[in-house]
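Each remark here refers to the structure printed beneath this line.
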Amino acid sequence: MFPLPANADPAQIAASVNPAMAGWMALHVKAGQVVGKRVLVLGATGAAGTAAVQIAKTMGASHVAAVGRNPDKVAALSDLGADTTVQLDDNIALAALPPTDIVLDFLWGEPSATVMMTLLKAQRDHAAKLTWIEIGGAAGPTLPLPAAALRSTGLTLVGSGQGSLTLADYQRELPALFTALAAGKFVTPTTVLPLSQVHDHWQDRGAARLVFQP
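Residue numbering for the sequence shown follows our numbering, beginning at 344 and increasing consecutively.
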């Protein structure tokens with residue numbers, strides 16, 4: 344249990360902490376140095392991916408590329424810190440991106456395999472380090488990976504989530520995450536409703552996350 348900062352909006356914290364925690368922990372614990380690095384968020388239009396775009400930018404990434412399937416949603420991420428937005432199936436645009444240092448992957452599966460090979464083939468320096476952090480499996484539980492992708496490039500695969508992160512990691516990082524959320528450094532669209540309406544709205548789907556208050 345952690346106390347909230349005095350200036351925190353409890354509803355915004357409730358809506359934001361879970362999706363934001365995925366990218367926060369990946370970048371703060373798994374990625375190493377982020378300042379000055381080029382970060383690509385794969386699956387950027389979901390709540391966690393959108394938060395990750397903002398987190399990467401606030402941490403000092405020199406370039407943040409947001410990649411997603413929905414053209415309108417991915418384009419809107421320019422307003423949240425993305426330097427470049429790319430549709431998931433646009434391999435030409437992916438290959439034209441500046442060399443990527445860190446990938447936050449919320450998709451996995453075939454889409455991630457395609458993006459991975461596109462980025463690796465586009466690299467002029469095949470030994471350049473590319474840290475690929477697997478966070479989610481929205482597009483599938485497995486990924487076909489040629490052996491040469493590991494043997495002949497600077498690709499490093501890392502997982503981030505419960506199991507690879509320790510309790511001490513969470514205890515160290517969550518207070519800082521709450522402080523950043525309270526300061527408004529990144530936000531999640533939120534709809535606040537009275538708890539009495541939970542039955543009517545529990546199945547609602549939209550861009551905003553639902554928070555029910557007594």
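Note that beta-carbon positions come from the ideal geometry of N, C-alpha and C, so glycine has one too.
For residue j and residue i, the rounded distance between their alpha carbons
i: leucine 524; j: leucine 508; result: 21 Å
i: lysine 416; j: alanine 394; result: 13 Å
i: proline 414; j: glutamate 516; result: 33 Å
i: isoleucine 445; j: leucine 420; result: 18 Å
i: proline 348; j: glycine 411; result: 33 Å
i: glycine 424; j: threonine 531; result: 14 Å
i: leucine 431; j: valine 407; result: 15 Å
i: threonine 496; j: methionine 402; result: 27 Å
i: leucine 385; j: phenylalanine 449; result: 6 Å
i: leucine 493; j: threonine 474; result: 11 Å
i: valine 535; j: alanine 511; result: 32 Å
i: alanine 491; j: alanine 456; result: 13 Å
i: proline 537; j: aspartate 547; result: 14 Å
i: methionine 364; j: histidine 469; result: 32 Å
i: tryptophan 545; j: alanine 390; result: 17 Å
i: leucine 553; j: alanine 471; result: 42 Å
i: threonine 485; j: proline 518; result: 33 Å
i: leucine 440; j: methionine 459; result: 13 Å
i: threonine 461; j: threonine 428; result: 16 Å
i: alanine 551; j: aspartate 352; result: 16 Å
i: histidine 542; j: arginine 467; result: 55 Å
Backbone secondary structure at residue i - three-state DSSP
i: leucine 385; result: strand
i: arginine 552; result: strand
i: isoleucine 445; result: strand
i: tryptophan 475; result: strand
i: leucine 452; result: It is worth fixing the name first, because residue 452 is glycine in this sequence and not leucine. Of the three classes helix, strand and coil, the one that applies to glycine 452 here is helix, per DSSP.
i: threonine 531; result: coil
i: threonine 522; result: helix
i: valine 378; result: coil
i: glutamine 466; result: coil
i: proline 346; result: coil
i: leucine 440; result: coil
i: alanine 419; result: helix
Residues that DSSP places opposite residue i in a beta bridge
i: glutamine 430; result: Gly411
i: leucine 488; result: Its beta-bridge partners do not exist; DSSP assigns none.
i: leucine 500; result: Trp475
i: leucine 508; result: Gln505
i: proline 537; result: Gln556
i: histidine 406; result: Arg381
Buried or exposed (CB count within 10 angstroms, at least 16 for buried), residue i
i: glutamine 505; result: exposed
i: glutamine 540; result: exposed
i: valine 378; result: exposed
i: tryptophan 451; result: buried
i: glycine 479; result: buried
i: phenylalanine 345; result: exposed
i: glycine 302; result: The structure shown has nothing for residue 302, since the chain only spans 344 to 557.
i: threonine 499; result: exposed
i: glutamine 397; result: buried
i: proline 442; result: exposed
i: lysine 464; result: exposed
i: proline 487; result: exposed
Residue i beta carbon near the ligand MG (any heavy atom closer than 8 Å)
i: alanine 551; result: For the structure depicted, the ligand MG is absent and the ligand set is empty, with no information on it obtainable.
*Assess, as a yes-or-no matter, whether the region 357-375 is touched by the region 429-443 under the definition of 3 or more beta carbon pairs within less than 8 Å.*
In short, these stretches do not touch, since the Cβ pair count stays below three.
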